[in-house]
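For the sequence shown, the working numbering begins at 9 and goes up steadily by one. Beta carbons: idealized from backbone N, C-alpha and C, even for Gly. Source: prediction; values computed, not measured. Worksheet: one structure, shown below.
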Amino acid sequence: MPPAAPAVAAAVRLEGIRKTFGDVVAVAGVDLDVKAGEFFSLLGPSGCGKTTCLRMIAGFEEPTAGRILLQGRDVSRQPAYLRDVNTVFQDYALFPHMTVGANVEYGLKVKGIGRGERRARVQEMLQMMRLERLDRRKPGELSGGQRQRVALARALVNQPRVLLL
C-alpha cells in the first residue's frame with residue numbers, strides 16, 4: 009500500500025462563517041474548502057450572501073463568527089492589505105485620474121516593490137492583456153472590455169495566492 013499523501017492546507021477554508029448586519033443574517037454558517045489550483049464558483053440568487061462571503065475572504069468585512077484560513081493561516085481579523093488576496097470588482101474599481109499603467113502598478117507600489125521590477129512586471133502584464141498601447145490612457149478613454157482587462161492585470165500583477173472574481 010502506498011504511503012498516504014501529506015495533508016495540504018486548503019488555499020481557502022471557511023469554517024462556520026457567519027455575518028450579520030444588525031438583525032439581518034447575511035451569511036449563516038458557511039463551511040468551504042478550496043484547494044490550491046482549483047477554480048470555484050459561488051452561485052446563488054441575488055442577496056444570498058455571495059458578495060459578502062467574497063468580501064470576508066478579501067478582508068473588506070470581518071465575520072461575525074467563524075474562521076477564514078488562507079493557506080492554513082487564520083486571517084479572520086487580519087486587514088485586507090496583509091492578505092495575499094486580490095479582487096477584481098464587478099465595477100472594476102479603477103482609479104479614474106490615473107493612467108492604465110499607473111493603475112496596474114498601484115498595488116506593487118503599495119507593497120514597496122522597486123521601480124525597475126514594478127515597470128518590468130507592469131509591462132509584462134500589459135502585454136499579456138494586449139493593453140501595451142493603452143498604457144498612457146485613462147480608464148474613461150477605454151471600452152468596457154478594456155477596463156475589465158486593466159482590472160484583471162492590476163490583480164494578477166501582484167501574483168496573489170488567491171484571486172477573487
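- When DSSP assignments are scanned along the segment 14-42, the uninterrupted stretches of beta strand (DSSP E) that are 3 or more residues long and fall wholly within it turn out to be 20-29, 32-42.
- A direct Cα-to-Cα measurement between residue 38 and residue 99 gives close to 26 Å.
- Classified as buried, residue 130 has 16 or more neighbouring CB atoms from the shown chains inside 10 Å of its CB.
- Collapsing the DSSP output to three states places residue 101 in coil.
- Residue nearest to residue 109 within the set 165, 40, 84 is 165 (criterion: CA-CA distance).
- Cβ contact annotation for residue 103 (same chain, cutoff 6 Å, sequence separation greater than five): 111, in chain order.
- DSSP places residue 76 in the uninterrupted beta strand (DSSP E) bounded by 73-78.
- Of all C-beta pairs linking the segment 42-52 to the segment 136-152, fewer than three are shorter than 8 Å, placing the two stretches out of contact.
- The residues 50, 52, in chain order, have a CB closer than 6 Å to that of residue 58 in the same chain once the five nearest residues on each side in sequence are set aside.
- Residue 93 carries a strand assignment under DSSP once its states are collapsed to helix, strand and coil.
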